[in-house]
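Counting the sequence shown from 1 gives a position; the numbering used here is that position plus 29.
Shown next, in structure tokens, is the structure this report addresses.
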Amino acid sequence: MTVFTNTLVILSVLLTIGHLVQAVAKNKVYELEGVGTIYVETDQKYNWFEAWDECAIQNMSLIAVYSPEKSAALTQILRDNSVKVNLWLGGNDLGEEGRFVWASSGKKFAFSNWSKGNPDNHNNGDCINIWDVTDFEWNDAACNYTIGFICEEHPLLVAARKDLEVKKNFIEQVLAMH
Ligand SMILES: [Ca+2]
Ligand SMILES: [Ca+2]
30 MTVFTNTLVI LSVLLTIGHL VQAVAKNKVY ELEGVGTIYV ETDQKYNWFE
80 AWDECAIQNM SLIAVYSPEK SAALTQILRD NSVKVNLWLG GNDLGEEGRF
130 VWASSGKKFA FSNWSKGNPD NHNNGDCINI WDVTDFEWND AACNYTIGFI
180 CEEHPLLVAA RKDLEVKKNF IEQVLAMH
């Protein structure tokens, strides 16, 4: 019984730590349906690489918009919050011109939401941003351009938290039976 109780305490602490991390700058944190937590930085400006680091500091990655559903859910949040600035996404064609991949997975785009005339590689544009002017469709821009960004929780972290919650619920049920 003690082993279960101790494990429960440890799991609870781990889950609390996970939520504390999320509590950073709460007003910039949103729940994206079917995905988890996202962080939208609209005040500070960063180049694409700095934006990547800023996400990593929060155990996050620049967002990979890999499906129309995810794209629609993200667009809705940005519209609802009247976002009026350019924001980095996690895609680029730095490795090979014209071959766009999501940096967090290395996967080629299966879905895209380019704005009219893009990607055009203008100014050697190798990194992807969205902006409200084209209703949050995508543009390829120079990676050293400084704008805001959108991070999402790393998929592994989301999976780990779900796993912890399942274990915690199981132990709680075991304890409740005694
Ligand atoms: Ca390019
Ligand atoms: Ca462009």
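A virtual CB, placed ideally from N, CA and C, is assigned to each residue, including glycine.
Taking 7 Å as the cut-off, is the C-beta of residue i nearer than that to any heavy atom in ligand 2?
i	result
P184	no
G120	no
Give the C-beta separation of residue i and residue j to the nearest angstrom, bearing in mind that I take them to be a contact with Cβ-Cβ under 8 Å.
i	j	result
A93	W117	A93 to W117, Cβ: 12 Å. No contact.
For residue i, is the classification buried or exposed, using 16 other Cβ atoms within 10 angstroms of its Cβ as the cut-off for buried?
i	result
A52	Unreliable positioning characterises A52 in this predicted model, as indicated by a pLDDT of 49, which lies under 50. The coordinate reading is nonetheless provided below. When all chains shown are included, A52 counts as exposed.
G154	buried
N35	exposed
P148	buried
L40	buried
V64	buried
E83	buried
For residue i, I'd like the list of residues in its chain whose CB is within less than 7 Å of its CB, leaving aside the five on either flank, ordered along the chain.
i	result
V203	F33
G119	S90, L91, I92, A93, W131, A132, S133
Skipping 5 residues on each side, what residues in its chain have a beta carbon closer than 6 Å to that of residue i?
i	result
G127	none
W77	W117, C156, C172
G177	E70, T71, V114, L116
S187	Checking the sequence shown, residue 187 turns out to be Val, not Ser. G65.
D164	none
Beta carbon of residue i: closer than 7 Å to some heavy atom of ligand 1?
i	result
D169	yes
N147	no
D155	yes
N76	no
E126	yes
N150	yes
I'd like to confirm the pairing. Which residues does DSSP put opposite residue i in its beta bridges?
i	result
D169	I157
N121	V130, C156
W143	W167
G65	L61
M89	E182
By Cβ distance, which residues of its chain are closer than 8 Å to residue i, with the 5 residues on each side in sequence left out?
i	result
L61	I67, K99, A102, L103, I106, E181
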